[in-house]
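With my numbering applied, the sequence shown corresponds to residues 12 to 412, in that order. Glycine included, each C-beta is placed from N, C-alpha and C at the ideal position.
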Amino acid sequence: MHIIIIGGSFGGLNTAYDLRRLLPHHSHEITLISKEPRFIFIPSLPWVAMGSKTLDDISFDLAHPLKSKGINFVEAAVTGIDPAASHVHTGTGIYDYDYLVVATGHRSANEAVPGLGPFDGPGHSLMSPPEAEEARTTWAAFLQDPGPMVVGCAPGASCVGPAYEFMFEAHHALKKRALAHRAPITFITPEPFLGHFGVGGFGKARQFFEGELEQRDVRYHTSTAISKITADRVETADGKSFESRYSMIIPALGGVKVVAEAPGLANPKGFIPVDANYRHNDFPNIYAVGVAVAMPPVEETPVPVNFPKTGHMTEQMARIAAKNIAADILGGEKTSHDLMVECIMDMGDKGAHLVADPVRPPRNRSSMSSGKRWLWAKRFFAGYYLWKLRRGANRSPKWVW
Ligand SMILES: Cc1cc2nc3c(=O)[nH]c(=O)nc-3n(C[C@H](O)[C@H](O)[C@H](O)COP(=O)(O)OP(=O)(O)OC[C@H]3O[C@@H](n4cnc5c(N)ncnc54)[C@H](O)[C@@H]3O)c2cc1C
């Protein structure tokens, strides 16, 4: 059997390691194809934007760890997927598979908000390594001559956490330099209330974040749709306009082009519909994990907010998919369970720890707490995660993210 995995990030790498442990080497070949030769710890991109980390600090080359585990690595962009024929096309050749795992993450729909660059418009983003590096340069320049700024999320965004992190970290950086009075921050979000995060909130997150923004003199606007970004303003669909000399806006996401264009593979947004085992609804030999998976929002909101697919959730999906592929091949029980989410947010001077189990309400557990200890935990965890994944170990400890 030949199992191909597309994507070398949280979804792809965790699936590859789990499958390698579950399937005998001599009879089952595993190939991971990624256009990016490195594993990059994406949750640390806000630190790259702020200038406290470089991409080298938060990444490692995939080739060696994969080879040492007996997994083939192909560094190539997949240019076509033919689900009916079980082929994957790349610039370097065509690969046949018995099972395919798609872990290609997202495409940022920056074009949905005119002016949301950063490479073809004045608005900044940090959803990808090149965008975070662009933000790093422009943020450093902004600190030399600061002014009013807007941080927020576009309508339909799902990954809203990084907007909060950037806002808190930016405020902290400005305050440390005694520049906060020159750079008032406005936070604009499609969420119906602060701390909703596309999951309906976490414990007392709403009261907590309202208090934290008020304490920092950050003005906020919820249920608000950003409609346009210019060099010095951010406009919203309700006719308001906010002065902004630095606009960091998290876009809505879609599936990557090659997935969106594969016949019968994805929904109109380019995400892949799967069952509870992370198996494609129509192609039994295709599985999908991570951001590539189609997941409905938890509830309807006045301005759309989509369901977040975090790194921690991606890791859980990878584990479930790997077990089910192994069960398909070797026989045995299929597995599935509700996803939970746990994450730590950097708030500049402290951290916030959020838990929702399961992610979709109603829940058995929903909590949040904050303090300096969570900031240290986040910093430690990022390094620890890279260290363990580089060594082919992908078991998270009980306290995570
Ligand atoms: C700024 C930011 C902060 C975040 N913070 C957190 C956090 O604190 N906690 C948390 O749990 N989650 C966080 N997340 C979410 C987390 O990063 C994602 O859930 C995770 O990266 C999803 O992993 P993935 O494998 O599904 O996709 P991705 O990480 O997007 O990886 C996709 C992979 O597919 C490859 N690929 C794509 N297209 C092709 C192609 N055509 N051919 C070959 N390879 C291809 C890419 O090179 C990459 O290796 C954050 C996300 C962002 C953007």
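Proximity of the segment 55-73 to the segment 130-140 meets the contact definition, three or more beta-carbon pairs being nearer than 8 Å. For LYS334, no beta strand (DSSP E) encloses it; the enclosing alpha helix (DSSP H) starts and ends at 322-341. Below 8 Å, too few C-beta pairs join the segment 240-250 and the segment 102-109 to call them touching: fewer than three. In the structure shown, the three-state DSSP call for SER381 is strand.
For LYS361, the closest of ASP339, ALA388 and ASN288 by C-alpha to C-alpha distance is ALA388. For LYS239, the shortest separation between its Cβ and any heavy atom of ligand 1 does not lie below 7 Å.
In the structure shown, THR247 adopts extended strand secondary structure according to DSSP, grouped into three states.
Counting only runs of at least 3 residues, the segment 61-144 fully encloses the following beta strand (DSSP E) elements, listed from N- to C-terminal order: 70-72, 83-86, 89-93, 98-101, 104-107, 110-113 and 117-119. The alpha-carbon separation between ASN292 and ALA271 amounts to approximately 15 Å. In this structure, the C-beta of PHE208 stays at least 7 Å away from each heavy atom of ligand 1. In this model, GLY116 and GLY81 are separated by some 24 Å (Cα to Cα). Taking 7 Å as the cut-off, one finds at least one heavy atom of ligand 1 near enough to the beta carbon of ALA114. Within the DSSP bridge table, the entry for SER20 names no partner. Here ALA216 has GLY206 and MET379 as same chain residues with Cβ atoms under 6 Å from its own Cβ, once five neighbours each way along the sequence are excluded.
A straight line joining the alpha-carbon of SER234 with that of GLY250 spans about 14 Å. An exposed status is given to GLU254, since fewer than 16 other beta-carbon atoms sit within 10 Å of its beta-carbon.
Between VAL269 and GLY91, the CB-CB gap stays under 8 Å. As summarised for the segment 183-221, the continuous beta strand (DSSP E) elements at least 3 residues long and confined to that stretch are 196-199, given in chain order. By the CB criterion at 8 Å, ARG118 and GLY266 fall inside the cutoff. Counting along the chain, the unbroken beta strand (DSSP E) around LYS239 starts and ends at 237-240. The alpha-carbon separation between ALA152 and ALA146 amounts to approximately 10 Å. CA-CA distance, ILE237 to MET259, rounds to 12 Å.
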